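Everything on this sheet refers to the single structure shown next.
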Amino acid sequence: MYRYGQCRNIGQSGSPTISISPSSATLTNATPTASLSAIGSAGALRWSTGETASVISVSASGTYSVTITSPGGCTASASVPIAGADLTLTLTLPQANFASSGSSANFLVDVFEVGDFLLRRAMSPSPSRHLLAIVSPLSIR
């Protein structure tokens, strides 16, 4: 007996199926985007991004999911993790002129990822290292 709100599989062989290819990806400087393909049975697709195409391109790390809804109202979902590669920041200031001691300088560096970053001052007799913890980055969207 069919109840309102339940999915129907009339003339179909079971619930819809869906998967995402590739099953994971890592974004790097060389490949800053990943193409995700939804593979499955017939139905309407909706990605966690709101897109409805079978193939989407992503450029931010995170977990992406897709849901398929069959003509009978049944749904299936799949998700895939997209990782961001560890980035190495090299800051070169060829015009900078610093006194050897007793002076200070301020720098503004925009960081858009949460995590710990190691700052190293190499242009001194005794290089120093400082840990910078980013807990709430600015959004670049």
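Residue numbers (this note's numbering): 58 to 198. Glycine is no exception: its CB is placed at the ideal position from the N, C-alpha and C atoms. Values in this document were obtained by computation on a predicted structure and should not be read as measured data.
Contact check, residue i vs residue j, beta carbons under 8 Å
i, j, result
"Val112", "Ile75", "no"
"Gly107", "Ile139", "no"
"Ile77", "Ala117", "no"
Own chain residues within Cβ distance below 8 Å of residue i, not counting five before or after
i, result
"Pro73", "Gly97, Ser98, Ala99, Gly100, Ile125, Thr126, Ser127, Cys131, Thr132, Ala133"
"Ser81", "Val137, Pro138, Ile139, Ala140"
Contacts around residue i, its chain only, beta-carbon distance under 7 Å, and the 5 residues preceding and following it disregarded
i, result
"Ala142", "Thr83, Leu84, Thr85"
"Pro89", "Ser116"
"Leu102", "Ala95, Thr109, Ser111, Val123, Ile125"
Of the residues the options, the one placed nearest residue i, counting alpha carbons only
i, options, result
"Ala91", "Tyr121, Arg103, Thr109", "Tyr121"
6 Å Cβ shell around residue i - same chain, five flanking residues per side excluded
i, result
"Ser94", "Ser78, Val112"
"Trp104", "Ile113, Val123"
"Ile87", "First, the amino acid is wrong: residue 87 is Ala here, not Ile. None."
Identity of the residues DSSP links to residue i by a beta bridge
i, result
"Thr83", "Ala140"
"Ala124", "The sequence given here has Thr at residue 124, not Ala. DSSP lists Arg103, Ser134 as partners of Thr124."
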